[in-house]
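Written below as C-alpha cells is the structure these notes are about.
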Amino acid sequence: MHSVGHHNLPSYALLRSFECAARHESFTQAAEELHLTQSAVSRQVKELEDMMGATLFRRVGRRVVLTEGGRRFAADLAIDLENLKQSVVRAIAVGERMLTLRIGILPTFASRWLIPRLATFLSDHPNIEIRLETRTLPFDLTRERFDVAVHFGKADWPDARMTKLFDEEMLPVASPKFRDTHMAAEPARLAEAPLLHLITRESAWIDWFAMNKISDKRLLTGRHFDQFAMIISAAAASLGAALLPKYLIETELDSGILIPLSDMRLKTHNSYFVVSAAGDVNPQVNAFTRWLMSAAKRANRTSA
Numbered sequence: 001m002h003s004v005g006h007h008n009l010p011s012y013a014l015l016r017s018f019e020c021a022a023r024h025e026s027f028t029q030a031a032e033e034l035h036l037t038q039s040a041v042s043r044q045v046k047e048l049e050d051m052m053g054a055t056l057f058r059r060v061g062r063r064v065v066l067t068e069g070g071r072r073f074a075a076d077l078a079i080d081l082e083n084l085k086q087s088v089v090r091a092i093a094v095g096e097r098m099l100t101l102r103i104g105i106l107p108t109f110a111s112r113w114l115i116p117r118l119a120t121f122l123s124d125h126p127n128i129e130i131r132l133e134t135r136t137l138p139f140d141l142t143r144e145r146f147d148v149a150v151h152f153g154k155a156d157w158p159d160a161r162m163t164k165l166f167d168e169e170m171l172p173v174a175s176p177k178f179r180d181t182h183m184a185a186e187p188a189r190l191a192e193a194p195l196l197h198l199i200t201r202e203s204a205w206i207d208w209f210a211m212n213k214i215s216d217k218r219l220l221t222g223r224h225f226d227q228f229a230m231i232i233s234a235a236a237a238s239l240g241a242a243l244l245p246k247y248l249i250e251t252e253l254d255s256g257i258l259i260p261l262s263d264m265r266l267k268t269h270n271s272y273f274v275v276s277a278a279g280d281v282n283p284q285v286n287a288f289t290r291w292l293m294s295a296a297k298r299a300n301r302t303s304a
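Numbering (the numbering used here), first residue to last: 1 to 304.
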C-alpha cells in the first residue's frame, strides 16, 4: 500500500463513490444513488485504488466483492464520513445561531415595549436577525433552542442567567369619557365604577385601593381578561378603569386616549428579567442583553 501524504489525499468525490459502492457492493446501485454513470463510479474507485496502491474490490463473475482490506477501509470510512457530515452540520448551526437571535417573549411586552424600540438595536447590529416568538411561562431555553427570553415574575428560572430589567408599577387609567361619566378621579368614586381585571393579577385593584384606605368585596367584580392588550383596548373603549404598567400604554397616554386617574402607583412583587442559558457566551445574546438593559434604564428615567 502506498504512503499517502497530506498533499495527495483522495478527494471527497473518490471517497464518497467508494463508500457508496462498498455499502451496496455494486457499482450500478452506487451510480443510481449518486446520480452518476456506472462507468464513472468504476473509474473513481479504480483511481482510489491506484492512489492507495491497494485492491479494494475483486470481481466475481459479473459482481464486485470487497476484499478484506476494502471491507476494513469501508467500515472506517463510513464512520469518518458521518463524523465529517456532523461537523459540517454543527458548523452551519453555529453560523446560523450567530446570525439569528431567537427570543422567547411575552406578547404584550413585545408589541408594546420592545418592538417600538427594536429599530435601534437592528441599526446597531445589522448582521443579527431577530426571531420573536411569544411565551408566557418559563421553559427550557436549550431544549426549545431559544437564545434569550424576557420573563415576568420572580428570579426563579432554573439553570439560567437572569438580569433584572425593571420592577412592575401599575397606574390607574381610563378613557376621558369613562372618567367624566363615572366622576372617577377620586378613589371613592372609582371604587363604585366598573373595573377591568387581569386574570393573573386578580388582587391588583384590592391592593391599590388598600393604599387609599378603601376595602370592598365589590372591588373583585368587573370585567376580566387574560392579556394586557385586551385590557388596554377595553379601557380605551370605556368599558372600565384599568390598572396598567405605564410602559405598556405610552402611546395611549401621549395621545390622550387614556388618562391617569391618580398619581399613586401600585408596585407589585414581580419584575421583568432578561434570561439566557447559564454559561452562554453567545456574543449576540450579550449584545442584546446590554442593549435591553440600556433601553430599560432610559425607559425608567422617562417614566419616573
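Glycine included, C-beta positions come from ideal geometry on N, C-alpha and C.
Quick caveat: nothing in here was measured; it's all calculated off a predicted structure.
Look up residue i in the DSSP assignment and say whether it is helix, strand or coil.
i           : result
residue 282 : coil
residue 35  : coil
residue 167 : strand
residue 305 : Given a span of 1 to 304 for the chain in the structure shown, any question on residue 305 remains unanswerable.
residue 136 : coil
residue 154 : coil
residue 211 : helix
residue 141 : coil
residue 262 : coil
residue 57  : strand
residue 182 : helix
residue 242 : strand
residue 81  : helix
residue 67  : coil
residue 130 : strand
residue 42  : helix
residue 312 : The requested residue 312 is not part of the displayed model; the chain covers only 1 to 304.
residue 189 : helix
residue 201 : helix
residue 174 : strand
residue 277 : strand
When the Cα of residue i is compared with those of the options, which residue comes out closest?
i           : options            : result
residue 244 : 174, 192, 292, 188 : 174
residue 124 : 132, 11, 284       : 284
residue 166 : 155, 26, 104       : 155
residue 146 : 11, 280, 296, 299  : 280
residue 218 : 231, 190, 185      : 190
residue 274 : 266, 291, 120      : 291
residue 294 : 120, 259, 152      : 120
residue 198 : 232, 184, 79       : 232
residue 261 : 187, 99, 52, 228   : 187
residue 55  : 11, 68, 205        : 68
residue 160 : 91, 63, 276        : 276
residue 127 : 99, 253, 52        : 99
residue 137 : 172, 86, 200, 278  : 200
residue 153 : 90, 282, 272       : 272
residue 259 : 184, 116, 162, 141 : 184
residue 246 : 266, 234, 227      : 266
residue 162 : 35, 278, 80        : 278
residue 59  : 298, 270, 27       : 27
residue 41  : 51, 29, 117        : 29
residue 79  : 116, 53, 16, 193   : 16
residue 111 : 172, 11, 227, 193  : 227
residue 306 : 20, 207, 116       : This structure cannot settle anything about residue 306, because the visible part of the chain is limited to 1 through 304.
For the putative contact between residue i and residue j, defined by C-beta atoms under 8 Å, what is the C-beta separation to the nearest angstrom?
i           : j           : result
residue 157 : residue 248 : The Cβ separation is near 22 Å, so there is no contact.
residue 256 : residue 240 : About 18 Å separates the two Cβ atoms, so there is no contact after all.
residue 102 : residue 133 : 7 Å
residue 47  : residue 9   : Actually they are not in contact, since the Cβ atoms of residue 47 and residue 9 sit about 13 Å apart, beyond 8 Å.
residue 22  : residue 84  : Wrong, their Cβ atoms sit about 16 Å apart, outside the cutoff.
I'd like to check one pair, residue j with residue i: are the Cβ atoms closer than 9 Å?
i           : j           : result
residue 45  : residue 18  : yes
residue 268 : residue 168 : yes
residue 288 : residue 148 : yes
residue 164 : residue 238 : no
residue 264 : residue 212 : yes
residue 135 : residue 105 : yes
residue 170 : residue 210 : no
residue 195 : residue 242 : yes
residue 63  : residue 25  : yes
residue 108 : residue 229 : yes
residue 130 : residue 118 : yes
Do we get a CB-CB distance below 9 Å when we pair residue i with the residues of chain D?
i           : result
residue 291 : No chain D appears in the structure shown, which is made up of a single protein chain.
Legend entry - 4 or more residues per run - each alpha helix (DSSP H) lying fully within the stretch 85-126: Those alpha helix (DSSP H) runs which fall completely within the stretch 85-126 and span 4+ residues are 115-124.
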